[in-house]
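In structure tokens, the structure reads:
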């Protein structure tokens, strides 16, 4: 494949402070891309159409990584349904349209594996999109992400842009959200196990039955995949989107036990079956990424250890 992203390209990383965006920014810097553009929300509110349009008109951006999104775990998705669909639709519409208006030819849109039907065949292949009903708890978020995929494809078809989309599996890593109400399952488990160990508790309660199976990808691996795609994959070759994951899954019960081992919690794990499980299984078919020559490098146990060290670094008070 010929390289599609020039080393001197002026690249806007939208959402550079988040889990995914910060990892992509680090990976671009390591790859020698020095002409990187970032904006905090205070500097550029991506929900503000006029501000986004003015930004692209002024900045002469060559490529965009659209990692900005409203994200959260099962509780947040089910509680803030209107915010999840509205904010994600507005952010991606503003950025994609203004990028086109500003002459940006290259864009990478980040979605989520929740775009697939609740009972999709496993592992989920790209062609399973829109073949059945979505998981109700995160349907608003999923619909927004599906709209982003279709928006990129529509702009490519009508305007000749080269906008690609990647659908990662469940992410974790440095800079994650460890809030027990709004975070995803793995960072929430890290915090629960740590606090239980520190408090000397005999048990930790896990939401649901523990039987659903999930796939997890370390954020630096996703960042590597994103830069790989930007450098090598055109929309013509890639199609509407591509799955990004490790191709292996684990039950929530097994994951909880693994996190407990890494953190050092030796008590009981109790499952609150009154809480929702969500989709029974979400395993991505990642054969297309493998065929292109990309594979993840960080194993789950190693990644949990790295994430736990990040949690400790961010939550342990510095003693003077």
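Numbering (this note's numbering), first residue to last: 27 to 346. For every residue, glycine included, the Cβ atom is placed at its ideal position computed from N, Cα and C. If you're wondering where the values come from, they're calculated on a predicted model, not measured in any experiment.
**Q.** residue 168 vs residue 178 beta-carbon contact at 8 Å
**A.** Here the question's residue 168 lines up with position 142 in the chain shown. Here the question's residue 178 lines up with position 152 in the chain shown. Cβ distance not < 8 Å, so residue 168 and residue 178 don't count as in contact.
Q: Check whether the region 67 to 76 touches the region 264 to 279, counting contact only when three or more Cβ pairs, one atom from each stretch, lie closer than 8 Å.
A: A contact is defined here as three or more CB-CB pairs under 8 Å, and the region 67 to 76 fails this definition with respect to the region 264 to 279.
Q) Considering residue 401, what are the terminal residues of the alpha helix (DSSP H) in which it resides? A) Nothing about residue 401 can be read from this structure; the chain reaches only from 27 to 346.
Q: Taking 8 Å as the cut-off, decide whether the C-beta atoms of residue 257 and residue 195 are in contact.
A: As a position in the chain shown, residue 257 is number 231, starting the count at 1. As a position in the chain shown, residue 195 is number 169, starting the count at 1. It is not a contact, given that the beta carbons lie outside the stated cut-off.
(Q) Quick check: residue 62 and residue 113, are their CB atoms within less than 8 Å of each other? (A) Numbered from its first residue, the chain shown carries residue 62 at position 36. Numbered from its first residue, the chain shown carries residue 113 at position 87. No. Outside cutoff.
**Q.** Member of 88, 246, 230 whose CA lies at the smallest distance from the CA of residue 282
**A.** On the chain shown, position 256 is the one that residue 282 refers to. That would be 230, whose Cα lies nearest to the Cα of residue 282.
Q | Residue interval of the alpha helix (DSSP H) (run including residue 86) | A | Counting from one through the chain shown, the residue named residue 86 turns up at place 60. Boundaries cannot be given for residue 86, as no alpha helix (DSSP H) includes it and DSSP labels it neither H nor E.
(Q) Within 10 Å of its beta-carbon, does residue 118 have 16 or more other beta-carbons around it, so buried, or fewer, so exposed? (A) The residue you call residue 118 lines up with position 92 of the chain shown. Around the beta-carbon of residue 118, 16 or more other beta-carbon atoms lie within 10 Å, marking it buried.
Q | Sequence-distant residues of the same chain with beta carbon closer than 8 Å to residue 109, five excluded per side | A | Residue mapping note: residue 109 aligns to position 83 of the chain shown, counting from 1. Here the set comprises 96.
**Q.** 7 Å Cβ shell around residue 163 - same chain, five flanking residues per side excluded
**A.** Taking the first residue of the chain shown as 1, we reach residue 163 at position 137. The answer, listed in chain order, is 100, 103, 104, 302, 304.
**Q.** Through-space distance from residue 172 to residue 115, alpha-carbon basis
**A.** Within the chain shown, the letter at position 89 stands for residue 115. Within the chain shown, the letter at position 146 stands for residue 172. It is roughly 10 Å from the alpha-carbon of residue 115 to the alpha-carbon of residue 172.
Q.
Going by DSSP in three states, residue 59 sits in which element: helix, strand or coil?
A. The count along the chain shown starts at 1 and reaches residue 59 at position 33. Correct three-state label for residue 59: coil.
Q. Of all the options 244, 291, 287, which has the alpha carbon lying nearest to the alpha carbon of residue 271?
A. Walking along the chain shown from the start, residue 271 turns up at place 245. When only C-alpha atoms are compared, the closest one is 244.
Q: Just mark residue 308 as buried or exposed, buried being the case when its beta carbon has 16 or more other beta carbons within 10 Å.
A: On the chain shown, position 282 is the one that residue 308 refers to. So residue 308 ends up on the buried side.
Q | Counted within 10 angstroms of its Cβ, other Cβ atoms place residue 316 as buried (16 or more) or exposed | A | Here the question's residue 316 lines up with position 290 in the chain shown. In the assembly as shown, residue 316 is an exposed residue. Its beta-carbon has fewer than 16 other beta-carbons within 10 Å.
Q: Could you tell me if residue 322 is buried or exposed, where buried requires 16 or more neighbouring beta carbons within 10 angstroms of its beta carbon?
A: For the purposes of this step, residue 322 is taken as the residue at position 296 of the chain shown. With 16 or more other CB atoms across the displayed protein chains lying within 10 angstroms of its CB, residue 322 is buried.
Q. Contact between the region 42 to 49 and the region 197 to 208: three or more CB pairs below 8 Å?
A. Verdict: yes, contact present.
(Q) Within 10 Å of its beta-carbon, does residue 90 have 16 or more other beta-carbons around it, so buried, or fewer, so exposed? (A) On the chain shown, position 64 is the one that residue 90 refers to. By the neighbour-count rule (16 or more Cβ atoms within 10 Å), residue 90 is buried.
(Q) Do residue 175 and residue 130 have their beta-carbon atoms positioned less than 8 Å apart in this structure? (A) The residue given as residue 130 occupies position 104 in the chain shown. The residue given as residue 175 occupies position 149 in the chain shown. The answer is no: Cβ separation not under 8 Å.
Q.
Measuring straight from C-alpha to C-alpha, what distance separates residue 345 and residue 150?
A. Taking the chain shown and counting its residues from 1, the one referred to as residue 345 is at position 319. Taking the chain shown and counting its residues from 1, the one referred to as residue 150 is at position 124. Low local confidence applies: a pLDDT of 46 at residue 345 is under 50, so the model's placement there is unreliable, with the coordinate-based value given in what follows. Residue 345 and residue 150: Cα-Cα distance of roughly 48 Å.
Q. Should residue 259 be labelled buried (16 or more other beta-carbon atoms within 10 Å of its own) or exposed?
A. Numbered from 1 along the chain shown, position 233 holds the residue referred to as residue 259. When all chains shown are included, residue 259 counts as buried.
**Q.** Reduced DSSP category for residue 205 - H, G, I as helix; E, B as strand; rest coil
**A.** Residue mapping note: residue 205 aligns to position 179 of the chain shown, counting from 1. Coil at residue 205, not helix or strand.
**Q.** Assigned secondary structure, residue 247 (DSSP; H/G/I helix, E/B strand, else coil)
**A.** In the chain shown, counting from the first residue as 1, residue 247 sits at position 221. For residue 247, the secondary structure class from DSSP, reduced to helix, strand or coil, is helix.
Q) Does the Cβ of residue 333 have 16 or more other Cβ atoms within 10 Å, making it buried, or fewer, making it exposed? A) Position 307 of the chain shown, counting from 1, holds the residue named residue 333. Residue 333 comes out buried.
Q: Just list the alpha helix (DSSP H) runs in the region 250 to 313, keeping only unbroken ones of 4 residues or longer that don't cross its boundaries, in chain order.
A: You should have 261 to 264, 278 to 289.
Q.
According to DSSP, residue 38 sits in a beta bridge with which residue or residues?
A. Position 12 of the chain shown, counting from 1, holds the residue named residue 38. DSSP output for residue 38 lists 63, 90 as bridge partner(s).
**Q.** Unbroken alpha helix (DSSP H) run spanning residue 126, endpoints
**A.** If you number the chain shown from 1, residue 126 lands on position 100. Element bounds for residue 126: 107 to 127.
Q) From which residue to which residue does the beta strand (DSSP E) around residue 232 run? A) Within the chain shown, residue 232 is the residue found at index 206, counting from 1. It spans 229 to 233 - the beta strand (DSSP E) in which residue 232 sits, taken as one unbroken run.
Q: Just grab the DSSP bridge partners of residue 30 for me.
A: As a first step, residue 30 is located in the chain shown; it is residue number 4 there, counting from the start. When DSSP reads this structure, residue 30 sits in no beta bridge, so it has no partner.
Q. Taking residue 325 as the reference, which of 216, 275, 306 has the closest Cα?
A. In the chain shown, the residue the question calls residue 325 occupies position 299. The shortest C-alpha separation from residue 325 is found at 275.
Q. Grouping DSSP H, G and I as helix and E and B as strand, with all else coil, what is residue 74?
A. Locating residue 74 in the chain shown gives position 48, where the first residue counts as 1. Here residue 74 sits in coil by DSSP.
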